[in-house]
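What follows is a set of notes on a single structure, which appears directly below.
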Amino acid sequence: MIDLIHDYWRAFLWSDNTHWSGVAITMWLLVSSIGLGFIFSIPLAVARVSKNKFIAWPVWFYTYVFRGTPLYVQLLLFYSGVYSLDVVHDVHALNVFFREGINCTILAFALNTCAYTTEIFAGAIKATPYGEIEAARAYGMSRFTALRRVIIPSALRRALPSYSNEVILMLHATTVAFTATVPDILKVARDANAATYKTFQAYGIAALLYLSITFVLVWLFRRAEARWLAHLQPRKH
Numbered sequence: 002m003i004d005l006i007h008d009y010w011r012a013f014l015w016s017d018n019t020h021w022s023g024v025a026i027t028m029w030l031l032v033s034s035i036g037l038g039f040i041f042s043i044p045l046a047v048a049r050v051s052k053n054k055f056i057a058w059p060v061w062f063y064t065y066v067f068r069g070t071p072l073y074v075q076l077l078l079f080y081s082g083v084y085s086l087d088v089v090h091d092v093h094a095l096n097v098f099f100r101e102g103i104n105c106t107i108l109a110f111a112l113n114t115c116a117y118t119t120e121i122f123a124g125a126i127k128a129t130p131y132g133e134i135e136a137a138r139a140y141g142m143s144r145f146t147a148l149r150r151v152i153i154p155s156a157l158r159r160a161l162p163s164y165s166n167e168v169i170l171m172l173h174a175t176t177v178a179f180t181a182t183v184p185d186i187l188k189v190a191r192d193a194n195a196a197t198y199k200t201f202q203a204y205g206i207a208a209l210l211y212l213s214i215t216f217v218l219v220w221l222f223r224r225a226e227a228r229w230l231a232h233l234q235p236r237k238h
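Residues in the sequence shown are numbered from 2 upward in steps of one, following the working numbering.
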């Protein structure tokens with residue numbers, strides 16, 4: 002165990018100007034995919050709850066496809082399938098983008114988590130108390146202003162518990178990144194196992210690292226819930 006840590010601690014933890022550690026790669030995959038997914042999911046969630054079926058239906062179809070197929074298959078499709086298309090090779094920008102495994106991985110992860118997050122936020126928007134909408138109208142707000150200043154902020158706060166689960170699931174889902182030769186935590190553990198045959202120790206270290214990151218994420222979301230959902234908690238007498 003000590004020998005394995007001595008030989009591979011840099012690969013797991015150390016980053017410099019020429020090398021990113023497994024933890025750094027894993028966090029980059031998580032933050033970039035979650036960030037992109039969050040940004041695009043908000044307008045998509047608004048479109049998802051639209052009464053206009055020509056706006057809502059394409060969003061429903063997108064979320065249905067990405068929630069209905071395994072992330073592993075989606076990653077293979079972007080990493081191996083898309084790059085085999087002639088149009089990708091003919092367009093220089095596409096060729097450069099899809100040639101890098103980490104780009105394909107972030108794209109697949111972002112589209113996947115965006116689909117789930119869209120449904121989470123759409124459900125929260127639908128569950129907005131009618132009194133809040135009536136209050137916005139009473140202040141003379143337009144529908145767009147009410148969405149921007151009342152409905153969406155309220156929905157995002159109430160969606161925090163469900164969204165925290167999605168972020169943690171996305172962290173665990175990054176373990177499929179090795180399929181695209183991305184050197185994340187699991188890829189480093191697999192390399193350590195292949196070199197030393199110390200299977201339990203190699204994957205045990207990976208499990209502890211994932212557990213530590215999960216603990217930090219849970220703590221951060223609990224703090225966020227305590228701050229932004231305090232008004233929903235029963236008052237103590």
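Even for Gly, the Cβ is constructed at its ideal location relative to N, Cα and C.
The beta carbons of residue 77 and residue 180 sit closer together than 9 Å. Between the region 114 to 126 and the region 150 to 160 there are three or more C-beta pairs closer than 8 Å, enough to call the two in contact. In the displayed model, residue 182 falls within coil according to three-state DSSP, outside both helix and strand.
Counting C-beta pairs with one atom in each stretch, the region 205 to 217 and the region 125 to 132 have fewer than three that are closer than 8 Å, which means they do not touch. Excluding five sequence positions before and after residue 154, none of the CB atoms of its chain fall closer than 8 Å to its own CB. Straight through space, the alpha carbons of residue 132 and residue 142 are spaced by roughly 14 Å.
At a cut-off of 4 residues, the continuous stretches assigned as alpha helix (DSSP H) that sit fully inside the region 168 to 233 are 186 to 197 and 200 to 229.
When the beta-carbon positions are compared, residue 113 and residue 34 come within less than 9 Å of each other.
Counting C-beta pairs closer than 8 Å gives three or more between the region 23 to 43 and the region 163 to 182, which meets the contact rule. A Cβ-Cβ distance of about 5 Å is found for the pair residue 187 and residue 176, placing them in contact under the 8 Å criterion. Here residue 184 is buried, its C-beta having at least 16 other C-beta atoms within 10 Å.
Under the three-state reduction of DSSP, residue 112 is assigned to helix. The beta carbons of residue 116 and residue 67 sit closer together than 9 Å.
In this model, residue 42 and residue 73 are separated by some 21 Å (Cα to Cα). Around residue 96, the same chain offers 89 and 90 as residues with beta carbons nearer than 7 Å, after the five sequence neighbours per side are excluded. When secondary structure is reduced to three states using DSSP, residue 86 falls in the coil class, being assigned neither helix nor strand. DSSP places residue 132 in the helix class (H, G or I) of the three-state scheme. Cα atoms of residue 45 and residue 213: separation of roughly 32 Å, rounded to the nearest angstrom. By a beta-carbon distance limit of 8 Å, residue 30 contacts residue 106. Their separation comes to about 6 Å.
DSSP places residue 51 in the coil class of the three-state scheme, outside both helix and strand.
Taking C-alpha positions only, residue 138 is separated from residue 148 by approximately 11 Å. When rounded, the separation of the alpha-carbon atoms in residue 20 and residue 110 is 23 Å.
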